[in-house]
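Asker:
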Amino acid sequence: MMKRVLTQTVKQIICICMVILVVLPILLTLFAALKTKAAINTTSPLAFPSLDQITFDNFKKVLTDKYLLIGFKNTGIILVISLFFNVIFGTITAFILERFEFKGKKFVISLFFLGMLIPSFVTEIARFRIIQGLHLYNTLGAPIVIYIASDLMQLYIYRQFISGLPVALDEAALLDGCSYFGLFWKIIFPLLAPATATVCIIKAIVIINDMYVPYLYMPKNTLRTLTTFLMNYANAQQGSWQTLAAGIIIIMIPTILIYIFFQKYILAGVTAGAVKE
32 MMKRVLTQTV KQIICICMVI LVVLPILLTL FAALKTKAAI NTTSPLAFPS
82 LDQITFDNFK KVLTDKYLLI GFKNTGIILV ISLFFNVIFG TITAFILERF
132 EFKGKKFVIS LFFLGMLIPS FVTEIARFRI IQGLHLYNTL GAPIVIYIAS
182 DLMQLYIYRQ FISGLPVALD EAALLDGCSY FGLFWKIIFP LLAPATATVC
232 IIKAIVIIND MYVPYLYMPK NTLRTLTTFL MNYANAQQGS WQTLAAGIII
282 IMIPTILIYI FFQKYILAGV TAGAVKE
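Rendered as structure tokens:
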């Protein structure tokens, strides 16, 4: 009994420590965003600002920056188009790999997983030349193509989910005269809604938080995303930690809201199809 209590206590302590490690930086950033420059220099970073120290001027200054709106617009365009094609290509490819037998199928699957295992920076030079060859450099098309073509996580999730759907559904639909396209669009695709929600949530967070691809392929000011806006804003606000903290909080809001409202779909979609009856 004592051993069990000790084990549970250790587990709880570890969980509490992990929560602190995750939440503390966010709280410190929020505290800094609510303070004046004088308060930051005279108070501890761990101290919540007093009522006379709280100010929202930092947020007003960030929100009036013209490039913030541009960042939201460009990020939204990239996000919507990338997710649309990720879902379409991911579901169709997973359906073909799970429901059809063809020559070289195992080889094709191996190539997909090989692409997932190779770090992206290894192929960066080749990818950069491809983007230039397609005349997509310094356009919104560059990150869209990259986000669609790389990170095949959605293929794994969709294949796992489809493998849990009974083949009898396919057979019944085909016997009723349904075509393969009708089978996919009217039966399989609607049943993939939990997996689609999971893919969209995970991919959306990755795309919104990515700074490397937009910075490398879209250096033009009018093509800034939220992350590249924040990077340039940080360079312009050197020494103004309170304003920079406000910018970080504003940029964090979309990903936090996405996760809060849709977190229940993440685990459901990832684990769906893992256990077969």
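Its first residue numbered 32, the sequence shown is counted upward by one per residue in our numbering.
Ideal placement from N, C-alpha and C gives every residue a C-beta, glycine not left out.
Would you mind working out which of PHE292, ALA277, TYR189, LEU59 sits nearest PHE120, comparing C-alpha positions?
Answerer: Counted from its first residue, the sequence shown places residue 120 at position 89. Considering only alpha carbons, the answer is TYR189.
Asker: PHE159: which of MET249, LYS68, VAL198, ILE140 sits nearest, CA to CA?
Answerer: On the sequence shown, position 128 is the one that residue 159 refers to. The option with the nearest alpha carbon to PHE159 is MET249.
Asker: Can you give me the Cβ contacts of ILE193 inside the same chain, cut-off strictly under 8 Å, excluding the 5 residues immediately before and after it?
Answerer: Mapped onto the sequence shown, residue 193 falls at position 162. Excluding sequence neighbours, ILE193 sits near ALA125, PHE126, GLU129, ARG130, ILE219, LEU223, GLY304.
Asker: Would you decide whether GLN273 is buried or exposed? Buried here means 16 or more other CB atoms lie within 10 Å of its CB.
Answerer: Position 242 of the sequence shown, counted from the first residue, corresponds to residue 273. Under this definition GLN273 is a buried residue.
Asker: Could you check how far apart the C-beta atoms of THR311 and ASN105 are, in whole angstroms? I think they sit under 8 Å.
Answerer: In the structure as shown, the chain starts at 32 and stops at 308, and residue 311 therefore has no counterpart that could be examined.
Asker: Compute the Euclidean distance between the alpha carbons of VAL53 and ALA277, then round it to the nearest angstrom.
Answerer: As a first step, residue 53 is located in the sequence shown; it is residue number 22 there, counting from the start. As a first step, residue 277 is located in the sequence shown; it is residue number 246 there, counting from the start. Going by the C-alpha atoms only, they are around 18 Å apart.
Asker: Would you give the residue range spanned by the alpha helix (DSSP H) that ASN72 belongs to?
Answerer: The residue you call residue 72 lines up with position 41 of the sequence shown. Residues 68–73.
Asker: Does DSSP classify TYR168 as helix, strand or coil?
Answerer: Start at 1 with the first residue of the sequence shown, and residue 168 comes out as number 137. Reduced to three states, the DSSP call for TYR168 is coil.
Asker: Please classify THR243 as buried or exposed, where buried requires at least 16 other C-beta atoms within 10 Å of its C-beta.
Answerer: As a first step, residue 243 must be located in the sequence shown, where it is residue number 212. Note that residue 243 is Tyr in the sequence shown, not Thr. Classification of TYR243: exposed, given that the 10 Å Cβ count is below 16.
Asker: Please classify GLY102: is it buried, with 16 or more other beta-carbons within 10 angstroms of its beta-carbon, or exposed?
Answerer: The count along the sequence shown starts at 1 and reaches residue 102 at position 71. Buried.
Asker: Reducing DSSP to helix, strand and coil, say where ARG190 ends up.
Answerer: Within the sequence shown, numbered from 1, the residue matching residue 190 stands at position 159. Helix at ARG190.
Asker: Keeping to the same chain, check which residues put their C-beta closer than 8 Å to that of VAL118; ignore five residues upstream and five downstream.
Answerer: The residue you call residue 118 lines up with position 87 of the sequence shown. Around VAL118: GLN185, THR227, VAL230, CYS231.
Asker: Assign ILE291 to one of two classes, buried (16 or more other C-beta atoms within 10 Å of its C-beta) or exposed (fewer than that).
Answerer: The sequence position of residue 291 within the sequence shown is 260, counting from 1. Exposed, since its Cβ has fewer than 16 Cβ neighbours within 10 Å.
Asker: Expressed to the nearest angstrom, what Euclidean distance is found between the alpha-carbon atoms of LYS307 and MET283?
Answerer: To locate residue 307, count along the sequence shown from 1; it is residue 276. To locate residue 283, count along the sequence shown from 1; it is residue 252. Confidence at LYS307 is low in this model, with a pLDDT of 47, below 50, so the placement of that residue should be treated as unreliable; the coordinate-derived value is given next. Cα to Cα, the separation comes out at about 38 Å.
Asker: Compare the beta carbon distance of LEU55 and ALA235 with 8 Å and say whether it is the shorter of the two.
Answerer: Position 24 of the sequence shown, counted from the first residue, corresponds to residue 55. Position 204 of the sequence shown, counted from the first residue, corresponds to residue 235. Their beta carbons are not under 8 Å apart, which means LEU55 does not touch ALA235 by this criterion.
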